[in-house]
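Engineer: Counting from 49, one number per residue, gives the positions in the sequence shown under my numbering.
Handing you this structure, nothing more for now.
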Amino acid sequence: MSEVLDSSTSFEAVEPVGPPPPPPPGPIAQSVAIGFRAVYLAGALLLAIWLTSNIREIASDSQAVVMRFGRIVRAQQSGLLLAWPRPIEKVELLPGPERQLSQEVATLPPWSERSQELVGPFGSDQAIPQTISAYLTGDGNVVLLNATLIYRINDPIAYALEQTHVAPALDRLFRATTVRITAGRLLDDFLVVQNVNPQSTDQAVIARRAEVRASLLDSMNARLQALAAAGAPLGIEIERIDMTGYLPPEAKKAFDAVLLDTEAADRNVAEARTDAERRRQAANRERDQLLSAAQATATELVSQANVDTARILALAREETPQTRKSLLLREYRTDVSRILNSVGSAVLIDPKTGGSFVLPGKPK
């Protein structure tokens, strides 16, 4: 038994002992470890933000163009857009195809002092915009036009490529198209000056001006399509042209003077027509009065004549000849005696013998 205990004791004595456990990290080491973990976490968060920076939602009234290393690769309409982050891919937002944009046509600088005098300067009392240009009409007049172009983007890729050239290109296209349109039109097709055609109506004038705008719109869209066919599209389409015409200052004064004289002449003509109509109505009233008086007098005379001849007519219609003769003779004597009593004297001449005698009348 003692041997067994001795052997066990010797076994414990020869058992190897391992290295001591490492000491726990100090506060500085723990702080450094926590700092590195925070840096790793922030880096991962920044990486996730960078990777999702170009994931966005395109509004319904917008569209986007995606450029990869400066080259346009695709266009995106409204909806969710997935794109690589910058600087790999760049997203440029543009107005949607249904959204209308506007541009006011810039003023064409006058090439001479006479041109400058023609288009201005305007007085402070004239509400005329500064962005106007002069054009020659087919009847030899000059009209000043201020125009605003309403357009939309129908090709976002072409528009993104030519975006910086769209405004000057629209100005040049409008001027070139307007020069051709105004050369075949009259001044009255652009603004009210003087109604040289009395038979024309307001609806006809409005229709002519609408036709001018429609011709200008169709011509500009045709020029844009020609540019697209030639390989230089602008990516836009003109929807509407708001255009207002003005007269040059000197011409406006002359037209105003003519208009005032015309209004004065029309006013005089209207007054003369009114006076003539008043006189005609007075003459008609006087005529009606004379006719009424004459008709009343004639009716009275006819009635009196009928009364005066009623007895003679009644006697003439007597059926018995003897009675009719005696009655007629009696009436004759009665009337003759009344007539003779009303005269001063009467001379009776026998047509057979030529003798005459005088009957004294009743003294007056």
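Every residue gets a Cβ at the ideal spot worked out from N, C-alpha and C, and that includes glycine.
Predicted model, so just to flag it, every value in this text is computed and none were measured.
Please report the distance separating the alpha-carbon of Glu137 from that of Ala262.
Structural biologist: Using only the alpha carbons, I get a separation of about 42 angstroms.
Engineer: Could you pull the start and end residues of the beta strand (DSSP E) that Gly127 belongs to?
Structural biologist: Where Gly127 is concerned, the enclosing beta strand (DSSP E) stretches over 127-129.
Engineer: According to DSSP, simplified to helix, strand and coil, what is Asp203?
Structural biologist: Residue state, collapsed to three classes: coil.
Engineer: My understanding is that Gly283 touches Ile201, with C-beta atoms under 8 angstroms, so please give their C-beta distance in whole angstroms.
Structural biologist: The pair is a contact, with the Cβ atoms about 6 angstroms apart (cut-off 8 angstroms).
Engineer: DSSP has Gln111 in a bridge; who is on the other side?
Structural biologist: Bridge partners of Gln111: Leu142.
Engineer: Give the range of the alpha helix (DSSP H) segment to which Ala231 is assigned.
Structural biologist: 211-231 is the span of the alpha helix (DSSP H), which, as asked, contains Ala231.
Engineer: If we count the other Cβ atoms within 10 Å of its Cβ and call it buried at 16 or more, is Asp236 buried or exposed?
Structural biologist: Buried: at least 16 other Cβ atoms inside 10 Å.
Engineer: Could you tell me if Ala208 is buried or exposed, where buried requires 16 or more neighbouring beta carbons within 10 angstroms of its beta carbon?
Structural biologist: Ala208 is buried by the Cβ-count criterion.
Engineer: Below 8 angstroms on the Cβ atoms is my contact criterion, and I expect Thr179 with Glu152 to pass it. Report the Cβ-Cβ distance as a whole number of Å.
Structural biologist: So it is a contact: roughly 5 angstroms between Cβ atoms.
Engineer: Tell me whether the beta-carbon of Ser126 lies closer than 9 angstroms to the beta-carbon of Thr155.
Structural biologist: It is not a contact, given that the beta carbons lie outside the stated cut-off.
Engineer: Given a cut-off of 9 angstroms on the beta-carbon distance, is the pair Val227 and Tyr199 in contact?
Structural biologist: Not closer than 9 angstroms, so no.
Engineer: Alpha carbon to alpha carbon, how far is Gln352 from Glu325? Give it in angstroms, no decimals.
Structural biologist: If I take the Cα positions, the gap works out to 40 angstroms.
Engineer: Since Leu295 is in the beta strand (DSSP E), which residue starts that stretch and which ends it?
Structural biologist: Where Leu295 is concerned, there is no enclosing beta strand (DSSP E), given that its DSSP letter is neither H nor E.
Engineer: Check whether the region 265-279 and the region 209-226 touch, using three or more Cβ-Cβ pairs below 8 angstroms as the test.
Structural biologist: The answer is yes - the region 209-226 touches the region 265-279, with three or more Cβ pairs under 8 angstroms.
Engineer: When you compare each of Arg104, Leu89, Ile360 to Arg378 by their alpha carbons, which one comes out closest?
Structural biologist: Nearest of Arg104, Leu89, Ile360 to Arg378, Cα basis: Ile360.
Engineer: Ordered along the chain, which non-local residues of its own chain (more than five positions away) have a Cβ less than 6 angstroms from that of Ser108?
Structural biologist: Result list for Ser108: Ser126, in chain order.
Engineer: Report the partner residues of Val317 according to the DSSP bridge assignment.
Structural biologist: Paired residue(s): none; Val317 is not in a bridge.
Engineer: My output table needs one value for Asn189: the three-state DSSP class, helix, strand or coil.
Structural biologist: Correct three-state label for Asn189: coil.
Engineer: Name the DSSP bridge partner or partners of Thr196?
Structural biologist: Partner(s): Glu152, Asp290.
Engineer: DSSP on Gln78, reduced to helix/strand/coil?
Structural biologist: Three-state result, Gln78: helix.
Engineer: Ordered along the chain, which non-local residues of its own chain (more than five positions away) have a Cβ less than 6 angstroms from that of Ala37?
Structural biologist: An answer regarding residue 37 cannot be provided, because it is not within the stretch 49 to 412 covered by the chain.
Engineer: According to DSSP, which residues form a beta bridge with Ala123?
Structural biologist: Ala123 is bridged to Val113.
Engineer: Which whole-angstrom value is the C-beta distance of Ile205 and Ile120, which I expect to be below 8 angstroms?
Structural biologist: At roughly 5 angstroms, the Cβ-Cβ gap stays under 8 angstroms, so Ile205 and Ile120 are in contact.
Engineer: When the Cα atoms are used, what is the spatial distance from Pro281 to Ile82?
Structural biologist: Distance between the alpha carbons of Pro281 and Ile82: 59 angstroms.
Engineer: Buried or exposed for Thr401, going by 16 or more other Cβ atoms inside 10 Å?
Structural biologist: Exposed, since its Cβ has fewer than 16 Cβ neighbours within 10 Å.
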